[in-house]
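Structure record follows, encoded as structure tokens.
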């Protein structure tokens, strides 16, 4: 008969030491984790989507208000109206303004935007505005999270397929699970520094669609802003795939304020501010190689000059290809 094993004093000391190490490691992980500074309260009863409006109301009346410094425009997702202030994102009942859910972190918000029936909340941490959480609009439950290098201030936009986070010299596009589909501009510690088409450029403006990303860049030693059109989801998200890129020939040297207005299909609309040779109220709209059919423009539209087979609107309201 084999004698039962006996625990020695050394065994007990070793077991205690292992337990202490595990507790300390767990505590260290918790102290450094996002969960330590996060409070999430989901809705007991999820919000429901609003009925589709059948007509335009003759007048509107304010029924409630709330502070929302971190939303550049009204955010509605999953039937809830979302406000954001400080480090808190709050989903509210659209009829009463009552809080349905909340998500709060001990970090300052960089911005909040609605996309995919969710709320994309971007916080500032030690790497810039790169701590991102996606929340279900209906109940505030966490859907996805990501963290990456980013600028200290970003502009958020969405096109129904991608969310764009654009800083002064770096931008990223994310799909609905917050996986990055493209990084453009400055790259922190790049594995291959030649993957980006240019360096040292300021990212001035951008707009996107499901198939195109248009970016205005202000690059050193170039007389005017540069317009680049890219694939929003190249095979390798670290290697931008440019469909075309050129300096805006119709923009006077030194004139600032150009802006990408919209991207649709293979067309990009760009606003060109007035300059010494352009006159007041100038704008430009790019078009594909073939002429565009005539359409009606609002009578109040500013004149639009021709640029690479552009559409031109006059104050009379007629458009020509």
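Numbering (my numbering), first residue to last: 69 to 389. C-beta: ideal position from N, C-alpha, C; glycine also. Because the structure is a prediction, the values reported are computed rather than measured.
{"Check": "According to DSSP, what are the bridge partners of residue 242?", "Outcome": "231 and 248"}
{"Check": "What residues match up with residue 169 in a beta bridge as DSSP calls it?", "Outcome": "159"}
{"Check": "Let's see if you can read the secondary structure: which residues bound the beta strand (DSSP E) around residue 280?", "Outcome": "That residue, residue 280, is in no beta strand (DSSP E); it is neither H nor E in DSSP."}
{"Check": "Just mark residue 357 as buried or exposed, buried being the case when its beta carbon has 16 or more other beta carbons within 10 Å.", "Outcome": "Any reading at residue 357 must be qualified, since the residue scores a pLDDT of 35, below 50, and its modelled position is unreliable; the value itself is stated next. Label assigned to residue 357: exposed."}
{"Check": "Are the CB atoms of residue 270 and residue 237 within a distance shorter than 8 Å?", "Outcome": "yes"}
{"Check": "Please classify residue 122 as buried or exposed, where buried requires at least 16 other C-beta atoms within 10 Å of its C-beta.", "Outcome": "exposed"}
{"Check": "Roughly how many whole angstroms lie between the Cα atoms of residue 214 and residue 248?", "Outcome": "9 Å"}
{"Check": "Is the beta carbon of residue 169 sitting closer than 8 Å to the one on residue 111?", "Outcome": "yes"}
{"Check": "According to DSSP, what are the bridge partners of residue 201?", "Outcome": "189 and 213"}
{"Check": "Can you tell me whether residue 138 is helix, strand or coil according to DSSP?", "Outcome": "coil"}
{"Check": "Would you say residue 115 and residue 148 are within 8 Å of each other, going by their C-beta atoms?", "Outcome": "yes"}
{"Check": "Look at residue 268 and residue 222 and say whether their C-beta atoms are less than 8 Å apart.", "Outcome": "no"}
{"Check": "Just curious, the beta strand (DSSP E) that residue 332 is in, first and last residue?", "Outcome": "327–332"}
{"Check": "Kindly indicate the opening and closing residues of the beta strand (DSSP E) around residue 266.", "Outcome": "No beta strand (DSSP E) contains residue 266, which DSSP labels as neither H nor E."}
{"Check": "DSSP has residue 224 in a bridge; who is on the other side?", "Outcome": "233"}
{"Check": "Just to confirm my understanding: we take residue 307, look at its own chain, exclude 5 residues before and 5 after, and list those with CB closer than 6 Å. What are they?", "Outcome": "263"}
{"Check": "Can you give the Cα-Cα distance for residue 318 and residue 326, rounded to whole angstroms?", "Outcome": "11 Å"}
{"Check": "For residue 153, report the span of its beta strand (DSSP E) as first-last.", "Outcome": "148–153"}
{"Check": "In chain order, what residues of the same chain lie with their CB nearer than 6 Å to the CB of residue 150, ignoring the 5 residues before and after it?", "Outcome": "143, 159 and 187"}
{"Check": "Looking at the structure shown, is residue 123 part of a helix, part of a strand, or coil, going by DSSP?", "Outcome": "coil"}
{"Check": "How big is the Cα-Cα spacing for residue 87 and residue 301?", "Outcome": "47 Å"}
{"Check": "Give me whichever residues DSSP pairs with residue 340 in a beta bridge.", "Outcome": "The partner list for residue 340 (beta bridge, DSSP) is empty, contrary to what the question assumes."}
{"Check": "Can you say whether residue 181 is buried or exposed, counting buried as having 16 or more other CB atoms within 10 angstroms of its CB?", "Outcome": "buried"}
{"Check": "Is any heavy atom in the ligand ZN found nearer than 7 Å to the beta carbon of residue 141?", "Outcome": "Although the ligand ZN was asked about, the structure shown includes no ligands whatsoever."}
{"Check": "Just mark residue 118 as buried or exposed, buried being the case when its beta carbon has 16 or more other beta carbons within 10 Å.", "Outcome": "exposed"}
{"Check": "Could you tell me the distance, in whole angstroms, from the CA atom of residue 233 to the CA atom of residue 219?", "Outcome": "9 Å"}
{"Check": "Comparing alpha-carbon positions, which option in 310, 133 and 199 lies nearest residue 252?", "Outcome": "310"}
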